[in-house]
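Number 293 in our numbering belongs to position 293 of the sequence shown; there are no gaps in the numbering. Glycine included, each C-beta is placed from N, C-alpha and C at the ideal position. Note that the structure is a prediction, hence the values are computed from the model and not measured. Take a look at the structure set out below.
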Amino acid sequence: MQGGPAPLVPLVVGIDVGGTKTHLRACSGTDVVVDTVRPSSGWRPHDPGEAAQWLAGLLREALPADARPASVAVGAHGCESPRQGALLQQALGAHLDVPRRIANDAELLVPALGLKQGVGLVAGTGSVAVGHLADGTLVQVGGWGAVLGDEGSSAGLVREAARAVCAAHDRGDPPDPLARGLLAAFGVVEVPAIGAALESAADVSADWGRHADAVFSAAAAGSGLAHDVIAAGGRALAALVTRLADRGAAVDDVVVAGGVILNQAALYSALDDALGRELPGTRLHPLRVPPVEGAVELARALL
């Protein structure tokens, strides 16, 4: 007697929508059915209807024609509050009537490492940290953009480096390696022109952040100013974790992601040192797997 067809394993879909690229992964059990990366162009998180339509289009294009996901979880760049996530989650329901969750992309970090609780800390072009209270309430700190905050991010470091160079100029100090590096990066010939160069940026975070290498190169060349900027960036990132602790979030484990913090050992060390002073016993984990793995875990948890 032959048995019937094997039962279908639910297809779970995780999506990591970043500022520049989007990573979608669909899994059936432990098998990866789809794994695709594409640009995030057109992503408008502050318009729930448009963002939901964008996600629905992504799912149609990426998944096999006969595939219907059993659950979908999205970690979304620019999803800055639980209210915004709830609105987008509701809007997506018009296109996809399955269990779904929309979260900030920093919420993917802890589940990506298989941890049950902890802090997700991102320091890339911008910076933000998220954690949860004992009742599961999300708490987010930072993420205010390069004009108001984002300390310790690539954009924030460049902003603070420019301030340090301008202050040194006011003191009458000759240009050091940091000043010379910023002048070259922004294509200006004297320190007083740096402010105008910063203000002329079309996309402040991206246009400032792409010059962060000048800060680290200057520190390697012996610039005390650059060293101080990096150390302050590490302290500022640690302060985000301290704020979460003060509000009652679990901070025993901190999972760190983002291009500048993972690719610049000086900043990572500054963060590690500051955390060791402010929150002894906190364990720092660099994320070495794609954040989309955390989205897949969130999608599995919806079943």
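Could you name the residues of the same chain whose beta carbon sits closer than 7 Å to that of Ala-245, not counting the 5 residues immediately before and after it, in chain order?
Counting only residues of its own chain and dropping the five nearest sequence neighbours on each side, Ala-245 has a CB closer than 7 Å to the CB of Val-251, Leu-279.
May I have the straight-line CA-CA distance separating Val-165 from Val-260, to the nearest angstrom?
Roughly 21 Å separates the two Cα atoms.
For Ala-295 and Val-37, I'd like the C-alpha separation in whole angstroms.
Val-37 has its alpha-carbon roughly 14 Å from the corresponding atom of Ala-295.
For Ala-155 and Pro-10, the rounded distance between their alpha carbons:
Whole-angstrom Cα-Cα distance: 41 Å.
Sequence-distant residues of its chain with Cβ nearer than 6 Å to Asp-203 (five each side left out):
No residues qualify anywhere along the chain.
Should Gln-2 be labelled buried (16 or more other beta-carbon atoms within 10 Å of its own) or exposed?
Legend: pLDDT at Gln-2 = 46, less than 50; position of this residue unreliable, value from coordinates given subsequently. Of the other Cβ atoms in all chains shown, fewer than 16 fall within 10 Å of the Cβ of Gln-2; this residue is therefore exposed.
According to DSSP, is Arg-68 helix, strand or coil?
In the structure shown, the three-state DSSP call for Arg-68 is coil.
Please specify which runs of the beta strand (DSSP E), each continuous and at least 3 residues long, are wholly inside the stretch 221 to 264, giving them in chain order.
Fully contained in the stretch 221 to 264 are the following beta strand (DSSP E) runs of length 3 or more, in chain order: 253 to 257.
Relative to the C-alpha of Asp-105, which residue among Val-98, Pro-45, Gly-93 is closest?
Nearest C-alpha to Asp-105: Pro-45.
Within this structure, are the beta carbons of Leu-157 and Ile-230 separated by less than 9 Å?
It is a contact, given that the beta carbons lie within the stated cut-off.
Neighbour-count burial assignment, Glu-190, 16 or more Cβ in a 10 Å radius
By the 10 Å Cβ count, Glu-190 comes out exposed.
With Ala-214 and Leu-182 assumed to form a contact (beta carbons below 8 Å), what rounded beta-carbon distance in angstroms separates them?
About 6 Å separates the CB atoms of Ala-214 and Leu-182; that is less than 8 Å, so the two are in contact.
Between Gly-126 and Ala-146, which are expected to be in contact by the criterion C-beta below 8 Å, what is the C-beta distance as a whole number of angstroms?
Sure, about 7 Å apart at Cβ, within 8 Å.
Provide the residue(s) that pair with Cys-27 in DSSP beta bridges, ordered along the chain.
Paired residues: Val-12, Val-32.
How would you write the range of the beta strand (DSSP E) that Gly-49 sits in, first residue to last?
Gly-49 -> not in any beta strand (DSSP E); alpha helix (DSSP H) instead, spanning 48 to 62.
At what residues does the alpha helix (DSSP H) containing Ala-86 begin and finish?
Element bounds for Ala-86: 82 to 92.
Keeping to the same chain, check which residues put their C-beta closer than 6 Å to that of Pro-286; ignore five residues upstream and five downstream.
Cβ within range, chain order: Val-256, Leu-262.
If I measure Cβ to Cβ from Gln-89 and keep anything under 7 Å in the same chain, skipping five residues before and after, which residues do I get?
The answer, listed in chain order, is Arg-100, Arg-101, Ile-102.
Alpha-carbon spacing of Ala-51 relative to Gln-84, whole angstroms
A direct Cα-to-Cα measurement between Ala-51 and Gln-84 gives close to 11 Å.
Cβ distance (whole Å) where Pro-177 is taken to contact Gly-222 below 8 Å:
Indeed they touch by this definition, with Cβ atoms about 6 Å apart.
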